[in-house]
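Take 1 as the starting number for the sequence shown in full-length UniProt numbering and just add one per residue. The beta carbon of each residue, even a glycine, is placed where N, CA and C say it ideally should be. Small disclaimer: the values here were computed from a predicted structure and weren't measured. Have a look at the structure below, then the notes.
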Amino acid sequence: MSENENAALWFVERNVEEGRSDKPAFREAFGTGRELTYGALAEASGRVADALARAGHRREERAAVLVLDQIEFPQVFFGCMKAGVIPIPLNTLLAADVYNVILRDSRASVLFVSAELVEAVRPALSGNPYLRHIVVIGGEAPAIENGPAQIETWESFLKGAAPAPAVEAHADEVAFWLYSSGSTGQPKGVRHVHGSMRYTAETYGREVLGIEENDTVYSVAKFFFAYGLGNAVSFPMSVGATTLLFNGRPTPEVAVGIIERERPTIFCGVPTLYAATVAHLEGQGAAPEANLRRCISAGEALPEEIGKRWRALFGVDILDGVGSTEMLHIFLSNAPGDVVYGTSGRAVPGYDLRLVDEDGADITAPGAIGELLVCGQSAADGYWNKRRKSRTTFEGEWTRTGDKYELTEDGRYIYCGRTDDMFKVSGIWVSPFEVEQALIAHPGVLEAAVVSRRDESGLEKPAAFIVPKAGQDADTLAAELKDFVKSRIGKWKYPRWIEVVEELPKTATGKIQRFKLREVA
Numbered sequence: 001m002s003e004n005e006n007a008a009l010w011f012v013e014r015n016v017e018e019g020r021s022d023k024p025a026f027r028e029a030f031g032t033g034r035e036l037t038y039g040a041l042a043e044a045s046g047r048v049a050d051a052l053a054r055a056g057h058r059r060e061e062r063a064a065v066l067v068l069d070q071i072e073f074p075q076v077f078f079g080c081m082k083a084g085v086i087p088i089p090l091n092t093l094l095a096a097d098v099y100n101v102i103l104r105d106s107r108a109s110v111l112f113v114s115a116e117l118v119e120a121v122r123p124a125l126s127g128n129p130y131l132r133h134i135v136v137i138g139g140e141a142p143a144i145e146n147g148p149a150q151i152e153t154w155e156s157f158l159k160g161a162a163p164a165p166a167v168e169a170h171a172d173e174v175a176f177w178l179y180s181s182g183s184t185g186q187p188k189g190v191r192h193v194h195g196s197m198r199y200t201a202e203t204y205g206r207e208v209l210g211i212e213e214n215d216t217v218y219s220v221a222k223f224f225f226a227y228g229l230g231n232a233v234s235f236p237m238s239v240g241a242t243t244l245l246f247n248g249r250p251t252p253e254v255a256v257g258i259i260e261r262e263r264p265t266i267f268c269g270v271p272t273l274y275a276a277t278v279a280h281l282e283g284q285g286a287a288p289e290a291n292l293r294r295c296i297s298a299g300e301a302l303p304e305e306i307g308k309r310w311r312a313l314f315g316v317d318i319l320d321g322v323g324s325t326e327m328l329h330i331f332l333s334n335a336p337g338d339v340v341y342g343t344s345g346r347a348v349p350g351y352d353l354r355l356v357d358e359d360g361a362d363i364t365a366p367g368a369i370g371e372l373l374v375c376g377q378s379a380a381d382g383y384w385n386k387r388r389k390s391r392t393t394f395e396g397e398w399t400r401t402g403d404k405y406e407l408t409e410d411g412r413y414i415y416c417g418r419t420d421d422m423f424k425v426s427g428i429w430v431s432p433f434e435v436e437q438a439l440i441a442h443p444g445v446l447e448a449a450v451v452s453r454r455d456e457s458g459l460e461k462p463a464a465f466i467v468p469k470a471g472q473d474a475d476t477l478a479a480e481l482k483d484f485v486k487s488r489i490g491k492w493k494y495p496r497w498i499e500v501v502e503e504l505p506k507t508a509t510g511k512i513q514r515f516k517l518r519e520v521a
């Protein structure tokens, strides 16, 4: 190997070599006083690597990382990479039975866990045949009956460790795993290589986001989410910028507080939070003073009305984009100066896109609907222990997204829905997202989700679940919405049934779980 392509060298050590040793890489929001400079991260991640080796964790073993958005996370993440151990950031909002599945599926030998999350994962630890070691961050090491032989605090784990150099690694070598968000079922282990993080930084991060060294970034999406990992780690560290961390629930009040008090220049949100924050600020009648120059969105398609209302409040467009855990970050996006709300934009430089029909034939005619496939070097190395699923998702250089799109004459892509969510009415494809956008355009609707339901004749028709804004009369609103949708997108697309609910079922990353709505539709 002519060059060590371990990702930790490019993201961590390079910043020190370029003179940013004293610059904050991560800073915890709202006055905790805790920050981590690039120099301190280089030193601490090296100590983590040494401590892992001393504890007997070998190269290519897995480390489960159940850690909140706090300064210890990047120390663990890059420390594992330096040791050749594979970090697996875990969703911090799962149930114990799901943690049990993931820990056993991954065969993790060590678990790093924030003290606040110990009780949530405790039932999954007893009797695990693979877990040899638990490291508790920010609290005492608990006693766990029939648990691993070694349980210790973060301080104890690092005591006596000296900074170790990064092991040699190839760009195509697996560096870390992410477990998919599970919007359609059980999560899957997605394996990513060392070169992928840099590739996303040099494509979307540089060519679309345009991130710069003097930027301060806040990501609503957490570290464990592929979108959040890029926003808060890959992109800022690729240029030596600073990331703001908040380990709690990102409510509209929190988002506004961070924008106003912490002064980020880049805000990375998701449609659910954008919608709730817009409603919150419109209720107050004003937006706070802000220092924003870029706002981005992913996770689900951004409704057109939300983008326009955010721009009216802050004077900054939201760059809506599309990514996936399998591709690590955004590969299709609107761009600065080229924003058309209601579309997902164009291919990110460095990625190729195509649409195919049910038989796999290419679709090139504008207006036709097909499944989106993407080609780019950030594609995952496959799913862990799911060969059949890997073979149907990763087709040579192309990755199936599972999303249906329409291509416009000017080369933009319009989101229509997940492949499993699409359905036909009178022989014509109906996009649930199009109907949802029409519903959200009504001033009384906060959120909406649309699925298919069969009528008395057994034919599929749209059924809507809506979350009204505060103060709305549910019966009156439901009665208005059918005609409202007819007038905007066509008479055959309107929802035949409208149910008012308090909230929509979602994953921890904000994606609507439509499969749960179909079960009750």
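Residue i versus residue j: straight-line alpha-carbon distance, rounded
{"i": "residue 35", "j": "residue 117", "result": "22 Å"}
{"i": "residue 281", "j": "residue 288", "result": "9 Å"}
{"i": "residue 256", "j": "residue 24", "result": "23 Å"}
{"i": "residue 501", "j": "residue 466", "result": "6 Å"}
{"i": "residue 26", "j": "residue 72", "result": "10 Å"}
{"i": "residue 373", "j": "residue 402", "result": "8 Å"}
{"i": "residue 514", "j": "residue 161", "result": "48 Å"}
{"i": "residue 484", "j": "residue 439", "result": "8 Å"}
{"i": "residue 226", "j": "residue 299", "result": "10 Å"}
{"i": "residue 397", "j": "residue 192", "result": "15 Å"}
{"i": "residue 285", "j": "residue 40", "result": "43 Å"}
{"i": "residue 223", "j": "residue 91", "result": "9 Å"}
{"i": "residue 364", "j": "residue 331", "result": "19 Å"}
{"i": "residue 497", "j": "residue 152", "result": "55 Å"}
{"i": "residue 371", "j": "residue 429", "result": "13 Å"}
{"i": "residue 174", "j": "residue 136", "result": "26 Å"}
{"i": "residue 60", "j": "residue 208", "result": "34 Å"}
{"i": "residue 267", "j": "residue 511", "result": "19 Å"}
{"i": "residue 448", "j": "residue 516", "result": "14 Å"}
{"i": "residue 158", "j": "residue 46", "result": "10 Å"}
{"i": "residue 147", "j": "residue 121", "result": "12 Å"}
Residues near residue i by beta carbon distance below 6 Å, same chain, minus five either side
{"i": "residue 526", "result": "No answer is possible for residue 526: it lies beyond the span of the chain, which begins at 1 and ends at 521."}
{"i": "residue 205", "result": "211, 235 and 238"}
{"i": "residue 432", "result": "417, 421 and 450"}
{"i": "residue 378", "result": "196, 199, 200, 327 and 328"}
Delimiting residues of the beta strand (DSSP E) encompassing residue i
{"i": "residue 522", "result": "Coverage of the chain is limited to positions 1 through 521, which leaves residue 522 absent and any answer about it impossible."}
{"i": "residue 321", "result": "318–323"}
{"i": "residue 461", "result": "460–468"}
{"i": "residue 542", "result": "The first residue shown for the chain is 1 and the last is 521, placing residue 542 beyond what the model contains."}
{"i": "residue 246", "result": "From DSSP, residue 246 is part of no beta strand (DSSP E); its letter is neither H nor E."}
{"i": "residue 405", "result": "398–407"}
{"i": "residue 371", "result": "369–375"}
{"i": "residue 269", "result": "266–269"}
{"i": "residue 439", "result": "Unbroken run through residue 439 is the alpha helix (DSSP H), 432–440; no beta strand (DSSP E)."}
{"i": "residue 449", "result": "445–454"}
Range of the contiguous alpha helix (DSSP H) that encloses residue i
{"i": "residue 105", "result": "96–106"}
{"i": "residue 520", "result": "514–520"}
Proximal residues to residue i (C-beta, below 8 Å), its chain only, five neighbours per side dropped
{"i": "residue 202", "result": "238 and 350"}
{"i": "residue 469", "result": "279, 443, 444, 445 and 446"}
Spatial neighbours of residue i in its chain, beta-carbon cut-off 7 Å, leaving aside the 5 residues before and after
{"i": "residue 247", "result": "68, 69 and 70"}
{"i": "residue 250", "result": "220 and 273"}
{"i": "residue 411", "result": "346"}
{"i": "residue 29", "result": "244, 245, 246, 258 and 262"}
{"i": "residue 10", "result": "198"}
Residue-level contact to chain C via CB, residue i, 9 Å cutoff
{"i": "residue 57", "result": "Of the protein chains in the structure, only one exists, and it is not chain C."}
If we count Cβ pairs, one from each stretch, closer than 8 Å, do we get three or more for the region 314–323 versus the region 380–388? no
Counting pairs of Cβ atoms below 8 Å between the region 486–496 and the region 412–428, do you hit three or more? yes
Along the chain, which unbroken stretches of the beta strand (DSSP E) at least 3 residues long are found entirely within the region 149–232? 150–153, 174–179, 189–193 and 216–219
Should the region 163–177 be called in touch with the region 40–51, which here means at least 3 C-beta pairs below 8 Å? yes
Under 8 Å: do the region 336–344 and the region 470–482 share three or more Cβ pairs, one atom per stretch? no
Do the region 121–134 and the region 104–113 meet, that is, are 3 or more Cβ pairs less than 8 Å apart? yes
What residue ranges within the region 17–97 form continuous alpha helix (DSSP H) runs of no fewer than 4 residues, ordered along the chain? 38–54 and 72–83
4-residue-minimum alpha helix (DSSP H) runs that sit fully inside the region 252–303, ordered along the chain: 252–257 and 271–284
Please give me, in chain order, every unbroken run of the beta strand (DSSP E) with length at least 3 that falls completely inside the region 466–502. 497–500
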